[in-house]
Structure formats: structure tokens, C-alpha cells
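A.B. asks: Let me begin by handing over the structure; questions about it come next.
This is the structure:
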């Protein structure tokens with residue numbers, strides 16, 4: 213039996229939810245923080261080990277191979293499991309959605325409060341300044357609807373972007389949309405097909421297992437929050 217994939221991250225959705233979903237729906241054997249016994253207290257030791265190429269998580273460990281960066285992780289799992297897209301076109305679409313997922317996450321980091329950083333505050337790096345209330349409002353009123361409409365167009369009247377509908381890109385995008393929806397329940401009011409895509413993925417058994425905290429990953433904490 214092949215050695216299980218080992219995914220290390222903190223108990224917050226952020227950049228952990230996407231890789232966890234991809235691992236769970238891959239059909240491959242994997243272990244997450246809960247079953248690895250990994251906690252925040254273990255992070256300094258893991259960081260000092262040199263396994264994390266850029267000194268950050270998530271980290272996927274496969275035997276002697278250590279893979280850093282979320283996109284590399286999900287693409288690696290997709291390659292192993294055959295969930296990267298069955299055709300060149302679906303592969304390209306999956307990669308497009310991965311890139312869009314990263315754009316959504318980066319924008320949320322700029323304009324949406326997190327558990328530890330409020331609007332107008334500096335991040336832990338002491339360099340990055342979170343947007344103020346005005347920027348936050350424009351983000352949700354202008355930027356987000358434009359991005360969602362582009363995704364709606366890309367769906368071409370369907371509720372999935374690829375033939376299978378469960379590529380790594382679709383799962384990763386869903387992970388970011390889910391975190392946005394936790395902040396704005398009416399997120400898909402103007403994009404019905406995107407809403408159907410979201411609901412379809414949310415209904416998958418593996419997704420339910422991960423999001424509920426019942427998987428090997430364990431329970432989750434919401435990362436992005438609304439302004440106080």
C-alpha cells in the first residue's frame with residue numbers, strides 16, 4: 213500500500229481548505245493535521261526543519277518529497293489522482309480556475325478583515341496594510357460582482373466548468389467562494405449558474421466530510437470575518 217499523503221496546515225480555512233478538498237476527493241490515502249497530531253505549537257519545529265521551501269504552510273509531504281505552495285500541492289495531487297482535467301481543454305480550464313481562486317484570495321486579504329487583522333490595520337508582516345471601510349465597500353460592490361460575472365460567463369449556462377466537474381481547479385475555486393459566502397450569504401444572487409456550481413460541489417459527500425470537520429484534516433476555524 214502506498215504511503216499516505218501528509219498535509220500540514222493550521223486549523224483555519226484560508227489556504228488549507230482547498231488542498232484538503234483536493235486530497236479528500238482524489239481517492240488517495242491522506243492524513244491531515246488531526247490524524248498527524250499537528251498543532252500550531254508544532255509549527256516552529258517544522259519550520260526549522262527546512263521542509264517548507266518558503267518558510268510557510270501548507271506543506272504536502274509524500275515520502276521524502278516535500279511540496280510547498282497551495283497551487284503546487286493541488287496540482288501534484290491532481291497529477292497523481294488524474295483530477296487535473298481529462299482533456300487539454302479541461303486541464304486549461306482547471307488551471308484558469310486555480311489562478312482565479314488565488315486572485316480571489318489575494319483580494320480578500322487586501323480588503324476583508326481576518327481573525328487577526330481588522331480593516332486599516334497592518335498584517336503580521338508589519339508591511340501589508342488592510343484596506344479601510346471605503347475600500348471594503350467598493351470591493352464588495354464593484355470588484356466582486358465583476359469577478360463573479362466573469363465566472364458566470366465561463367460556465368456557459370452549465371453548473372460545472374469541465375466535463376467531470378470536480379477538477380482540482382473547481383475544488384480550489386469552490387474553497388475560496390465558500391469563504392467569501394461565509395461573509396456574504398447572498399453572494400450568488402446575480403449569478404444563478406455560479407450559485408448552482410457552488411451548491412453542487414457543496415453537496416458532494418467528500419466536500420461535506422471535509423467542511424464538517426469529520427475528515428482526517430479535523431475541524432475548521434473561519435479565517436475571513438466581517439468588520440466589527
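Residue numbers (the numbering used here): 213 to 440. Don't be surprised by glycine CBs; every beta carbon is placed ideally from N, CA and C.
#1: Once the 5 residues before and after residue 349 are set aside, which same chain residues still bring their CB inside 8 Å of it?
#2: On the DSSP bridge assignment, give the partners of residue 326 in chain order.
#3: Should the segment 407 to 415 be called in touch with the segment 328 to 337, which here means at least 3 C-beta pairs below 8 Å?
#4: Would you tell me roughly how many angstroms separate the C-alpha atoms of residue 392 and residue 344, rounded to the nearest one?
#5: Nearest CA to the CA of residue 378: which residue from 255, 261, 268 and 298?
#6: Go through its chain and collect everything with a Cβ distance to residue 431's Cβ below 7 Å, but skip five positions before and after it.
#7: Given residue 388, which residues of its chain have a CB within under 6 Å of its CB, disregarding the five upstream and five downstream residues?
#8: Quick one: Cα of residue 259 to Cα of residue 267, how far?
#9: Count the other CB atoms within 10 Å of the CB of residue 334; is the residue buried (16 or more) or exposed (fewer)?
#10: Cα-Cα, which of 306, 319 and 338 is closest to residue 376?
#11: One question on the structure: do residue 436 and residue 385 come within less than 8 Å of each other, judged by their Cβ atoms?
#12: If distances are taken between C-alpha atoms only, which option among 397, 270 and 380 comes closest to residue 291?
#13: How close, in whole Å, do the beta carbons of residue 286 and residue 271 come, if the pair is a contact with beta carbons under 8 Å?
C.D. replies: Quick look at the numbers:
#1: Residue mapping note: residue 349 aligns to position 137 of the chain shown, counting from 1. Within the same chain, residue 349 has no close Cβ partners at all.
#2: Your numbering for residue 326 matches position 114 in the chain shown. Its beta-bridge partners are 436.
#3: no
#4: As a first step, residue 392 must be located in the chain shown, where it is residue number 180. As a first step, residue 344 must be located in the chain shown, where it is residue number 132. One C-alpha to the other measures close to 18 Å.
#5: Reading the chain shown from its first residue, position 166 is the one you call residue 378. It is 298 whose Cα lies nearest to the Cα of residue 378.
#6: In the chain shown, the residue the question calls residue 431 occupies position 219. 223 and 425.
#7: Taking the first residue of the chain shown as 1, we reach residue 388 at position 176. Closer than 6 Å at the Cβ level, and outside the excluded window around residue 388, lie 313, 316 and 317.
#8: For the purposes of this step, residue 259 is taken as residue 47 along the chain shown, with counting starting at 1. For the purposes of this step, residue 267 is taken as residue 55 along the chain shown, with counting starting at 1. If I take the Cα positions, the gap works out to 6 Å.
#9: On the chain shown, position 122 is the one that residue 334 refers to. Exposed, because fewer than 16 other Cβ atoms sit within 10 Å of the Cβ of residue 334.
#10: Your numbering for residue 376 matches position 164 in the chain shown. Out of 306, 319 and 338, 306 has the C-alpha closest to the C-alpha of residue 376.
#11: By one-based count along the chain shown, residue 436 stands at place 224. By one-based count along the chain shown, residue 385 stands at place 173. Result no, Cβ atoms of residue 436 and residue 385 do not sit closer than 8 Å.
#12: For the purposes of this step, residue 291 is taken as the residue at position 79 of the chain shown. The residue with the shortest Cα to Cα distance from residue 291 is 380.
#13: The residue given as residue 286 occupies position 74 in the chain shown. The residue given as residue 271 occupies position 59 in the chain shown. No, residue 286 and residue 271 are not in contact; Cβ-Cβ is about 13 Å, not under 8 Å.
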